[in-house]
Amino acid sequence: MAGDWRRRKVIPEVEAEPDLVVEDADSGFCGAVVGFGLGAVVLEDRFGKRRNFPLTPAAFLLDGETVTLVRPAPRQQPRQRRVTASGSIAVDGVKAQVAKASRIWVEGIHDAALVERIWGDDLRIEGIVVEPLDGIDDLRGAVAGFRPSGSRRLGVLVDHLVPGSKESRIVAAVTDPNVLITGHPYVDVWQAVKPERVGLRAWPVIPPGRPWKEGVCEAVGVREPVDMWRRILASVSSYKDVETPLINSMERLIDFVTVTG
């Protein structure tokens, strides 16, 4: 009679995790937890036989000790990391920064729209504005007017930047260390979009001397370039829809103009 004989023994509660091996106290059936159904736990013995047992208090033995099985509490799913269209990790709760002095120039409004579609989120967080040029024939003069410096860097994306081209000669005349010029080998930024995204096997080959966009439209049966451009832009939702040279060039420009210190 020593001690508090009136105190009842506390039966521990154990979450019925999958593969937990317990024994039903009444029947002696021993098995691993494999599921649940309408207030019961499903046990499977070593022969593959399954039985349902109500989740009543003190109804099971675990390592010889009486326990009450309970359903496991719902596990909080880890939050999925959101990525931007460029493939970088999205930063939630951060507003666009005030525009910095540094800039990225592209050759036209189509280039600017495509860059915005893929890298817009990243550039807004960095506070970098993308400005379209009306061609690069006077690139050297435009750069001089911009007055680049260590705190005012300039990146330029050029179409059809291949050895021996007119574009390569124009670019070679710009030697300011605070200016980075990159480019892609495609005649127009349209061609930097993977053709299968637009429903083509390959971009049409247009003879030299003929306007490239008009030639493409005729080859694919589209009346106006503006209609073709809508079709192209609608096919792009991330970096996966454009060719690698464009991706590499833009990533280099963004790194260059966002350098601090």
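Heads up, the sequence shown is in UniProt numbering, so the first residue is 1 and it goes up one at a time. Don't be surprised by glycine CBs; every beta carbon is placed ideally from N, CA and C.
Identity of the residue in the options nearest residue i by Cα
i, options, result
"Gly-135", "Val-115, His-110 and Pro-72", "His-110"
"Ala-71", "Glu-218, Val-34 and Ile-104", "Inspection of the sequence shows that residue 71 is occupied by Arg rather than by Ala. The option with the nearest alpha carbon to Arg-71 is Val-34."
"Ser-102", "Val-222, Ala-112, Val-156 and Arg-140", "Val-156"
"Ile-170", "Leu-61, Leu-139 and Gln-76", "Leu-139"
"Val-143", "Asn-178, Ile-128 and Arg-124", "Asn-178"
"Leu-69", "Asp-63, Pro-57 and Arg-201", "Pro-57"
"Met-228", "Thr-244, Ser-165 and Pro-195", "Pro-195"
"Val-106", "Val-129, Arg-124 and Ala-99", "Val-129"
"Ser-151", "Arg-51, Phe-256 and Ala-202", "Phe-256"
"Phe-36", "Leu-55, Gly-48, Gly-108 and Glu-218", "Leu-55"
"Ala-99", "Arg-82, Gly-120 and Arg-124", "Arg-124"
"Ile-254", "Lys-49, Ile-104, Arg-50 and Thr-175", "Ile-104"
"Ala-173", "Arg-201, Arg-82, Asp-137 and Ala-202", "Asp-137"
Supposed contact pair residue j and residue i - C-beta distance, whole angstroms, cut 8 Å
i, j, result
"Thr-84", "Asp-122", "6 Å"
"Thr-258", "Glu-116", "Between Glu-116 and Thr-258 the Cβ distance is about 17 Å, and since that is not below 8 Å, they are no contact."
"Asp-24", "Ala-32", "At roughly 13 Å, the Cβ-Cβ gap does not stay under 8 Å, so Asp-24 and Ala-32 are not in contact."
"Ala-192", "Val-226", "Not confirmed; about 18 Å, so no contact."
"Ala-53", "Val-41", "At residue 53 the sequence reads Phe, which differs from the Ala that was named. Indeed they touch by this definition, with Cβ atoms about 6 Å apart."
"Ala-113", "Leu-233", "6 Å"
"Val-187", "Pro-204", "The Cβ separation is near 11 Å, so there is no contact."
"Leu-61", "Val-10", "The Cβ separation is near 16 Å, so there is no contact."
"Ile-118", "Ser-235", "So it is not a contact: roughly 12 Å between Cβ atoms."
"Val-189", "Arg-231", "Not quite, the Cβ-Cβ distance comes to about 14 Å (not below 8 Å), so this is no contact."
"Ile-206", "Val-222", "Incorrect: roughly 14 Å between the Cβ atoms, too far for contact."
Exposed unless 16 or more other CB atoms sit within 10 angstroms - verdict on residue i
i, result
"Trp-5", "With a pLDDT of 46 at Trp-5, under the threshold of 50, the modelled position of this residue cannot be trusted, and the question is left open."
"Arg-46", "exposed"
"Ala-59", "buried"
"Leu-38", "exposed"
"residue 264", "Absent from the model: residue 264. The displayed extent of the chain is 1 to 261, so no value can be given."
"Arg-153", "buried"
"Glu-214", "exposed"
"Glu-224", "exposed"
"Met-1", "Caution applies to Met-1, whose pLDDT of 47 falls short of 50 and renders its modelled position unreliable; the model cannot decide the point."
"Ala-16", "buried"
"Glu-131", "exposed"
"Asp-26", "exposed"
Near the ligand ATP: residue i beta-carbon under 7 Å from a heavy atom
i, result
"Ala-58", "The ligand content of the structure shown is nil, which means the ligand ATP is not present either."
- Query: If we count Cβ pairs, one from each stretch, closer than 8 Å, do we get three or more for the region 235 to 251 versus the region 144 to 151?
  - Reply: No contact exists between the region 235 to 251 and the region 144 to 151.
- Just list the beta strand (DSSP E) runs in the UniProt domain "DUF3097" (102 to 258), keeping only unbroken ones of 3 residues or longer that don't cross its boundaries, in chain order. Within the UniProt domain "DUF3097" (102 to 258), the beta strand (DSSP E) runs of at least 3 residues that lie entirely inside it are, in chain order, 103 to 106, 129 to 132, 154 to 158 and 179 to 183.
- Message: Three Cβ pairs or more, each shorter than 8 Å: is that satisfied between the region 157 to 171 and the region 182 to 201?
- Response: Output reads yes: the region 182 to 201 touches the region 157 to 171.
- Item | Those runs of the beta strand (DSSP E) which lie wholly inside the UniProt domain "DUF3097" (13 to 72) and span at least 3 residues | DSSP runs (the beta strand (DSSP E)) wholly in the UniProt domain "DUF3097" (13 to 72): 13 to 15, 21 to 24, 30 to 37, 40 to 44, 50 to 54, 60 to 62 and 65 to 70.
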